[in-house]
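Chains as they are written, first to last, in the numbering used here: chain A, 2 to 115; chain B, 523 to 637.
What follows is a short report on a single structure.
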């Protein structure tokens with residue numbers, strides 16, 4: 002079966018631009034997570050959705066970052082006024098539900114802000 | 523954000539050797555996990571540990587959940603070239619409530635296996 006997919010795989014943008022990163026979770030998975038992985042670091046939590054609602058957005062670094070999951074499946078991470086420090090790999094993961102079930106990761110979107 | 527203390531940062535070993543890596547935290551976790559990440563891919567779960575003191579094996583991999591719930595180690599026996607990659611530990615609170623299912627990762631151990 003299909004795993005978690007993320008598009009685009011690579012995104013290059015200029016400082017100050019707006020970007021959207023998409024995540025398609027495994028079908029039937031109600032929980033969805035976004036993580037950010039900087040070079041040489043482990044992934045860091047950004048936001049967690051249970052269904053359509055953001056159950057925990059405590060990892061979003063500032064109000065330039067926003068994520069939605071309007072129908073409880075596909076999620077979009079939105080970054081406004083991008084900065085060079087936003088350059089990283091953005092990973093999406095999904096799990097069957099939020100109760101300690103395994104998180105399956107997508108391949109990530111590599112964002113480069115020039 | 524918080525990251526766990528993972529060591530060593532990198533290892534270069536000969537095929538057939540055993541390798542050990544560990545992870546410590548200043549706070550308690552109820553679940554410890556070990557992941558492997560290949561270039562251009564997301565992390566893949568290797569082993570999950572749910573009880574303090576638990577020792578779990580998965581093929582050539584063995585991992586333990588420390589008694590204090592603040593540490594874990596991963597051993598790989600008889601390494602092979604395809605073991606090359608970055609290994610991450612991760613802790614999870616795992617109690618009821620949305621925020622307790624997020625993973626807190628270490629910085630990773632880069633493993634190189636020389637054939």
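Note that beta-carbon positions come from the ideal geometry of N, C-alpha and C, so glycine has one too.
{"Item": "Coarse secondary structure for residue 605/B, derived from DSSP in three states", "Value": "helix"}
{"Item": "C-beta contact flag for residue 564/B and residue 106/A at 8 Å", "Value": "yes"}
{"Item": "C-beta contact flag for residue 644/B and residue 628/B at 8 Å", "Value": "Past the edges of chain B, shown from 523 to 637, lies residue 644/B, and the structure says nothing about it."}
{"Item": "For residue 558/B, the residue or residues it bridges with in DSSP", "Value": "566/B, 609/B"}
{"Item": "N- and C-terminal bounds of the beta strand (DSSP E) containing residue 91/A", "Value": "89 to 96"}
{"Item": "Within 8 Å, strictly: CB atoms of residue 23/A and residue 77/A", "Value": "yes"}
{"Item": "Element boundaries [beta strand (DSSP E), containing residue 42/A]", "Value": "Neither: residue 42/A is in no beta strand (DSSP E) and is coded neither H nor E."}
{"Item": "Beta-carbon neighbours of residue 103/A, restricted to chain B and to distances below 8 Å", "Value": "567, 570"}
{"Item": "Beta-carbon proximity check, residue 562/B vs residue 574/B, cutoff 8 Å", "Value": "no"}
{"Item": "Residue 97/A versus residue 16/A - alpha carbon distance", "Value": "37 Å"}
{"Item": "Nearest to residue 599/B (by Cα), restricted to the options 571/B, 625/B, 537/B", "Value": "537/B"}
{"Item": "Coil, strand or helix - residue 666/B by DSSP", "Value": "Here chain B has residues from 523 to 637 only, and residue 666/B is not among them."}
{"Item": "Rounded C-alpha distance that separates residue 633/B from residue 580/B", "Value": "18 Å"}
{"Item": "Short Cβ contact (8 Å threshold) for residue 82/A with residue 11/A", "Value": "no"}
{"Item": "With 16 other Cβ atoms within 10 Å as the buried cut-off, status of residue 104/A", "Value": "buried"}
{"Item": "8 Å contact criterion, which residue 552/B and residue 615/B should meet: CB distance rounded", "Value": "6 Å"}
{"Item": "Beta-carbon gap between residue 95/A and residue 9/A smaller than 8 Å", "Value": "no"}
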